[in-house]
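*Asks:*
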Amino acid sequence: MGSYYMGIDISKGYADFVILDGKKNVVEPNFQLDDTFGSHCKLFDILKLFFERHPESVLFAAVESTGGYENNWLHTLSGFQGILNIKSARLNPLGVRANSRASLKRVITDKISALDVAEYLISHPEKVTYQQEDSLAGIRRQWGFVRLLVKQKTQILNQFESLPYNANPELISYCKSGVPTWLLKLLKQYPTAAKLAKARVSFLARIPYVTADRARDLIGQAKTSVASATDEASGNLIAVMAEQITNMEETIRLQSQQMAKQCVIPEVALLKTIPGIGDDSAIGLMLEIQSIKRFSSAKKLASFFGLHPVFKASGDGTSGIHMSKQGRKEPRKILFMVALVSLTANPHIQKIYEEHTAKGMKKMAAIGLCMHKILRIIYGMLKNNQAYDSQVDQKNREEIKARKAPRTAKNANRRYEIFDKQAPISRRQSNKRKEWKQSQSDNITMCGIGVSTPSVV
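In this note's numbering, each residue's number is its place in the sequence shown (first place is 1) plus 194.
1) Where does Val-257 land, buried or exposed, given buried means 16+ other C-beta within 10 angstroms?
2) Measuring only the C-alpha atoms, how far is Tyr-208 from Ile-316?
3) State the start and end residues of the unbroken beta strand (DSSP E) segment that holds Arg-284.
4) With burial defined as no fewer than 16 other Cβ atoms inside 10 Å of the residue's Cβ, what is the status of Lys-628: buried or exposed?
5) So, with DSSP's three-state summary, where would you put Gly-196?
6) Could you check whether the region 513-527 touches the region 535-553, counting it as contact only if at least three pairs of C-beta atoms, one from each stretch, sit closer than 8 angstroms?
7) Return the CA-CA distance between Thr-538 and Asn-293, expressed in angstroms with no decimal places.
8) Classify Ile-213 as helix, strand or coil using the three-state DSSP reduction.
9) Return the CA-CA distance between Lys-519 and Tyr-573, expressed in angstroms with no decimal places.
10) Leaving out five residues on either side along the sequence, give the residues of the same chain with a beta carbon under 8 angstroms from the beta carbon of Gly-245.
11) Would you call the CB atoms of Lys-305 and Asn-224 closer than 7 angstroms?
12) So, with DSSP's three-state summary, where would you put Ala-463?
13) For the beta strand (DSSP E) containing Pro-358, list its first residue and its last residue.
14) Can you tell me whether Gly-644 is buried or exposed, with buried defined as 16 or more other CB within 10 angstroms of its CB?
15) Are the beta-carbon atoms belonging to Val-340 and Gln-452 less than 7 angstroms from one another?
16) Would you call the region 341-359 and the region 460-472 in contact, with 3 or more CB pairs under 8 angstroms?
17) So who's on the other strand from Ile-204, going by DSSP bridges?
18) For a test of the three-state rule: what should DSSP assign to Asn-540, helix, strand or coil?
19) Start and end of the beta strand (DSSP E) containing Glu-258?
20) On the premise that Ser-259 lies in contact with Ile-271, defined as a C-beta separation below 8 angstroms, what is that separation, rounded to the nearest angstrom?
21) Runs of 4 residues minimum, wholly inside the region 523-569: which ones carry the alpha helix (DSSP H) assignment?
22) Can you look up Gly-472 in the DSSP assignment and give me helix, strand or coil?
23) Does Met-558 pass the burial test, meaning 16 or more other C-beta atoms within 10 Å, or should it be called exposed?
24) Run through DSSP, which three-state label would Gly-372 get?
25) For a test of the three-state rule: what should DSSP assign to Leu-227, helix, strand or coil?
26) Measure the alpha-carbon distance for Lys-487 versus Ile-439 and round it to whole angstroms.
27) For Leu-342 and Gln-336, what's the separation of their Cα atoms in angstroms?
28) How is Tyr-324 classed by DSSP in three states: helix, strand or coil?
29) Taking 6 angstroms as the limit between beta carbons, can you name the residues of its chain near Asp-310, skipping five residues before and five after?
30) At what residues does the alpha helix (DSSP H) containing Ala-496 begin and finish?
31) Can you have a look at Ser-307 and say buried or exposed, based on whether 16 or more other CB atoms are within 10 angstroms of its CB?
32) Within this structure, are the beta carbons of Ala-393 and Ile-413 separated by less than 7 angstroms?
33) According to DSSP, is Gly-514 part of a helix, a strand, or is it coil?
34) How close, in whole Å, do the beta carbons of Ala-361 and Ala-387 come, if the pair is a contact with beta carbons under 8 angstroms?
35) Please name the residue in Pro-287, Pro-249 and His-248 whose C-alpha comes closest to that of Ile-202.
36) Go to Val-504, then tell me how far its beta strand (DSSP E) extends in each direction, as first and last residue.
Here it is in structure tokens:
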């Protein structure tokens, strides 16, 4: 049975295709099809003729993740699987790009990009996961829509904050923790201090969370306001933006509720047993993880999220360990917010945070450590299908401490040659070698190796 590889480069409205054999020879030269019903049918005819020329063969097809433009082609290829021997996959563009750079290609076109995808399938089969169907595709699109609304709302709020300062600066004291909903409703009716000064107390008291006493205070402050923006245009702009922000908040709330009702997979229910994780965080994390079987260890999951530590050092330069932050930012944002909430809602995570900050670790570094700890706990819960129990992690930590024995300092890099005193090294490197020798001497003394043999009486 022969294996062939089809690379697809997706563009908006069309795609480029090429088919290679296992030795990277072109079997079907590049061709281009539009993203229409007729062109999808044409692709089926082309592939059907290909299998007639190459019977008893399997075709591995892949597209790069392009933010949704590839979904139609993947859906079509998955529909062909019932008739043709095809396996389809979605690739990370970062891996394809790195493989292309390694081949020293200087010219990049749509045809060459399709060729790069096919060559990546051949060169790195262990990195490719072929999927039959994405059961969470609808939830993923809805999640992306909610994230988009949240981002747009934040952008509008950033532009909106300076407007009330000029139109009614006395209201800014109520916005220390964000713009409350009752204030947005008030600004829709009374966007400037001049209009608010003419309002009635009974009308203001109809707004939720605005009592009669607060209404009188707001009107009194508006009558003596130092606002500089009193024109009609500024008032209309504030009212329109306040209404838009209110509508977006309501849409986000309704979409989040609907998404929580539709996403009833058991993994989400497990994650919600962790203090500090709600519906949105649990759904977002599972959309990123998809299946815990994709990761053979907790370290692999941490690397996928970009939470694994990275050490950088130079011969005479500085060195240190920090979070890699590789991969997508969205899952790390979710874990960051979960870690912040856990500092008050989860005593176990709070204890770990306080232990490391007491030792001198910076606060942000300690939060990153808590993010890593929470992700390891999530891996254990999903792998063993168990609800959250802080005692399980505490027991594991104690067992690891008990297994640790005094370690003798070793330098594997110098296993073929000890340090030469005559080497033309810098003063900093010389001090490092002295510190290493001293630490090794201390370990020998601790282990009792340097103790003299007792005399025989």
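From the three backbone atoms N, C-alpha and C, an ideal C-beta is built for every residue, glycine too.
*Replies:* Answer, in terms of the structure:
1) buried
2) 24 angstroms
3) 280-285
4) By the 10 Å Cβ count, Lys-628 comes out exposed.
5) strand
6) no
7) 45 angstroms
8) The three-state reading of DSSP puts Ile-213 in strand, counting E and B together.
9) Here the C-alpha atom of Lys-519 lies approximately 19 angstroms from the C-alpha atom of Tyr-573.
10) Checking the sequence shown, residue 245 turns out to be Phe, not Gly. The answer, listed in chain order, is Ser-251, Leu-253, Leu-278 and Asn-279.
11) yes
12) helix
13) Looking at the DSSP string, Pro-358 is not in any beta strand (DSSP E); the run it does join, the alpha helix (DSSP H), is 356-361.
14) With a pLDDT of only 45 at Gly-644, under the threshold of 50, the placement of this residue in the model should not be trusted, and no figure is reported.
15) no
16) no
17) Ala-209
18) Three-state DSSP puts Asn-540 in coil, outside helix and strand.
19) 251-258
20) The sequence shown places Leu at residue 271, rather than the Ile named in the question. The pair is not a contact, with the Cβ atoms about 15 angstroms apart (cut-off 8 angstroms).
21) 523-539 and 541-552
22) coil
23) exposed
24) strand
25) strand
26) Rounded to the nearest angstrom, the gap between the Cα atoms of Lys-487 and Ile-439 is 41 angstroms.
27) 10 angstroms
28) strand
29) Val-290 and Ser-294
30) 492-499
31) buried
32) yes
33) Here DSSP, grouped into helix, strand and coil, assigns Gly-514 to strand.
34) 7 angstroms
35) Pro-287
36) 503-507
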